[in-house]
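Residue numbering for the sequence shown follows full-length UniProt numbering, beginning at 1 and increasing consecutively. To start, the structure itself, in structure tokens.
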Amino acid sequence: MFKHLQAVSGDPLLALIIAHKQDPNPNKIDLGVGVYKDDNGHTPILNSVKKAEAILLEQEDSKSYLGIYGATEFEPIIQNLVLGENNEIITSKRIRSTQTPGGTGALKVAADFISANLKDARLWVSDPTWGNHESIFNSAGVEVKAYPYYDPATNGLRFDAMMATLEAEANEGDVLLLHACCHNPTGIDLQKEHWEVITEFVKKRGLLPLVDAAYQGFGDGLDEDLAGLRHMASRVPNMLIANSFSKNFGIYRDRCGGLSVIADTAEEANNAFSIIGQAIRANYSMPPAHGAAVVYTIMNDPKLKAEWEEEVTAMRDRINGLRKKLVDKLASSGVSKNFAFIQDQRGMFSYSGLTIEQVRTLRSEYAIYIADTGRMSIAGVSDTNIDYLCESIAKVVG
Numbered sequence: 001m002f003k004h005l006q007a008v009s010g011d012p013l014l015a016l017i018i019a020h021k022q023d024p025n026p027n028k029i030d031l032g033v034g035v036y037k038d039d040n041g042h043t044p045i046l047n048s049v050k051k052a053e054a055i056l057l058e059q060e061d062s063k064s065y066l067g068i069y070g071a072t073e074f075e076p077i078i079q080n081l082v083l084g085e086n087n088e089i090i091t092s093k094r095i096r097s098t099q100t101p102g103g104t105g106a107l108k109v110a111a112d113f114i115s116a117n118l119k120d121a122r123l124w125v126s127d128p129t130w131g132n133h134e135s136i137f138n139s140a141g142v143e144v145k146a147y148p149y150y151d152p153a154t155n156g157l158r159f160d161a162m163m164a165t166l167e168a169e170a171n172e173g174d175v176l177l178l179h180a181c182c183h184n185p186t187g188i189d190l191q192k193e194h195w196e197v198i199t200e201f202v203k204k205r206g207l208l209p210l211v212d213a214a215y216q217g218f219g220d221g222l223d224e225d226l227a228g229l230r231h232m233a234s235r236v237p238n239m240l241i242a243n244s245f246s247k248n249f250g251i252y253r254d255r256c257g258g259l260s261v262i263a264d265t266a267e268e269a270n271n272a273f274s275i276i277g278q279a280i281r282a283n284y285s286m287p288p289a290h291g292a293a294v295v296y297t298i299m300n301d302p303k304l305k306a307e308w309e310e311e312v313t314a315m316r317d318r319i320n321g322l323r324k325k326l327v328d329k330l331a332s333s334g335v336s337k338n339f340a341f342i343q344d345q346r347g348m349f350s351y352s353g354l355t356i357e358q359v360r361t362l363r364s365e366y367a368i369y370i371a372d373t374g375r376m377s378i379a380g381v382s383d384t385n386i387d388y389l390c391e392s393i394a395k396v397v398g
């Protein structure tokens with residue numbers, strides 16, 4: 001029965017991770033993996049998470065199912081983190097939120113919801129976007145279109161081209177996917193003035209914004225990073241928000257995220273939420289419990305919450321500090337290219353401006369693993385490897 005099946009190529013980033021692991025070079029550097037690492041190349045468990053897990057070990061008394069939407073007490077945690085406490089949208093009950101298996105699970109449920117209920121909607125994503133966006137929505141039968149975003153000539157944002165394309169081609173009822181902050185893979189974020197322009201366009205054209213908030217806290221701050229999202233949410237009638245707790249709580253493998261729906265009225269929000277529940281039931285039925293329990297425990301303990309905020313700040317400061325170090329060391333290495341734009345980017349990732357030929361030379365001759373697109377994970381840089389990295393880039397770039 002399976003004799004006709006042909007193997008398919010896997011995710012190139014996952015293949016890159018495997019190749020790095022198998023490389024015997026003691027100087028090898030992995031700048032492909034999309035997880036936070038400390039200066040020892042280790043992805044640590046946050047102290048606040050360890051303490052919360054100790055509390056759960058002592059107090060948890062059941063492993064029963066949570067229900068389709070997850071723990072009911074987790075809903076306000078999602079909403080307060082995404083919109084800020086006492087936001088009018090929350091107090092007027094125009095938002096409903098469900099726990100999901102990571103941000104990916106939230107996007108999958110959103111894709112199923114859009115496919116089943118917004119029949120002619122197309123999804124607009126940035127060029128480039130996170131590699132799994134297109135797969136998730138195509139698998140749900142949603143047509144995916146791209147708008148210009150990254151400019152390789154300037155290593156910056158093609159905002160005018162982005163808006164020109166959307167003005168010319170986006171139809172009423174289409175879905176516009178935006179990265180809340182720390183754009184993956186480029187590290188180039190929309191600024192306040194961009195969010196203002198896009199918000200007015202969304203209202204005028206009648207689009208549904210879907211905001212992917214996977215890296216809250218890794219750019220400029222927990223509130224600062226979602227300022228654009230919050231500006232838009234306060235001015236449009238409908239919105240979907242997919243958020244992840246994987247990065248800012250460091251609970252990647254525990255798969256904890258959230259999907260929120262904002263509507264014009266509380267009744268409309270509840271109606272949409274009930275349909276989202278059907279999509280969940282037909283997908284994974286119920287979410288896992290542990291990650292959400294950890295987040296809930298931290299967010300409801302003032303001391304743990306304060307410690308968590310300090311840990312997020314430390315991760316953010318380390319990444320932003322590495323960006324500056326990288327720019328300074330590349331400049332002092334005598335490299336011909338100006339890499340100053342890396343310091344202006346935000347989050348774990350950077351479109352480095354390296355060509356595919358340069359990337360492959362770095363991989364084959366220096367055991368430095370960067371995606372073919374030139375996208376590299378800044379979190380993979382450390383004080384122990386940054387000199388070797390910059391010297392190698394200088395040799396390859398010239």
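Backbone N, C-alpha and C fix where the C-beta goes; we use that ideal spot for every residue, glycine too.
For the beta strand (DSSP E) that residue i lies in, which residues bound it at each end?
| i | result |
| --- | --- |
| D127 | 123 to 127 |
| T98 | 95 to 100 |
| R375 | 375 to 377 |
| M239 | 239 to 244 |
| V175 | 175 to 179 |
| L210 | 208 to 213 |
| F349 | 349 to 351 |
How is the alpha helix (DSSP H) around residue i delimited, first residue to last?
| i | result |
| --- | --- |
| H231 | 227 to 233 |
| D387 | 386 to 397 |
| V197 | 192 to 205 |
| F341 | 341 to 344 |
Do you know offhand how far residue i's Cα is from residue j's?
| i | j | result |
| --- | --- | --- |
| L46 | L190 | 29 Å |
| A263 | E309 | 30 Å |
| D254 | G334 | 44 Å |
| N138 | L177 | 14 Å |
| I251 | K37 | 13 Å |
| D39 | C390 | 16 Å |
| N283 | K108 | 9 Å |
| F159 | T313 | 29 Å |
| A272 | I241 | 13 Å |
| N238 | L5 | 42 Å |
| G219 | M1 | 50 Å |
| I17 | A214 | 21 Å |
| D344 | T129 | 19 Å |
| K21 | G217 | 29 Å |
| D120 | S246 | 32 Å |
| N117 | R363 | 46 Å |
| S48 | N80 | 19 Å |
| A111 | L229 | 20 Å |
| I198 | D11 | 32 Å |
Just to confirm, is the Cβ distance from residue i to residue j under 9 Å?
| i | j | result |
| --- | --- | --- |
| P185 | Y351 | yes |
| P101 | G257 | yes |
| L157 | H133 | no |
| S260 | I95 | yes |
| H231 | E196 | yes |
| residue 469 | S244 | It is not possible to answer for residue 469, since the shown part of the chain is limited to 1 through 398. |
| I356 | I393 | no |
| A52 | D301 | yes |
| M376 | G32 | yes |
| I55 | T297 | yes |
| T98 | Y65 | no |
How many whole angstroms separate the CB atoms of residue i and residue j, which I take to be in contact at a CB cut-off of 8 Å?
| i | j | result |
| --- | --- | --- |
| C181 | G347 | 7 Å |
| G115 | A153 | Looking at the sequence provided, one finds Ser at residue 115 rather than Gly. Actually they are not in contact, since the Cβ atoms of S115 and A153 sit about 36 Å apart, beyond 8 Å. |
| V397 | K337 | 5 Å |
| M163 | Y149 | Actually they do not touch by this definition, with Cβ atoms about 11 Å apart. |
| F74 | A292 | 5 Å |
| V82 | L226 | 6 Å |
| residue 399 | V295 | Missing from the structure shown is residue 399; the chain here goes from 1 to 398 and no further. |
| L330 | V381 | The pair is not a contact, with the Cβ atoms about 11 Å apart (cut-off 8 Å). |
For the ligand SAM, I want to know if residue i counts as a neighbour, meaning its beta carbon is within less than 8 Å of at least one of the ligand's heavy atoms.
| i | result |
| --- | --- |
| I378 | With respect to small molecules bound, the structure shown includes none, and the ligand SAM cannot be examined in it. |
- Query: Which runs of the beta strand (DSSP E), 3 residues or longer, sit entirely within the stretch 254 to 280?
  - Reply: Complete beta strand (DSSP E) runs here, min 3: 257 to 262.
- Task: Could you name each continuous beta strand (DSSP E) segment of 3 residues or more that falls completely within the stretch 52 to 124, going from the start of the chain to the end?
- Result: Counting whole runs of 3 or more residues, the stretch 52 to 124 contains the beta strand (DSSP E) stretches 95 to 100.
- Task: With a floor of 3 residues, list each beta strand (DSSP E) that falls wholly inside the stretch 133 to 171, ordered by position along the chain.
- Result: Listed in chain order, the complete beta strand (DSSP E) runs (minimum 3 residues) inside the stretch 133 to 171 are 144 to 148.
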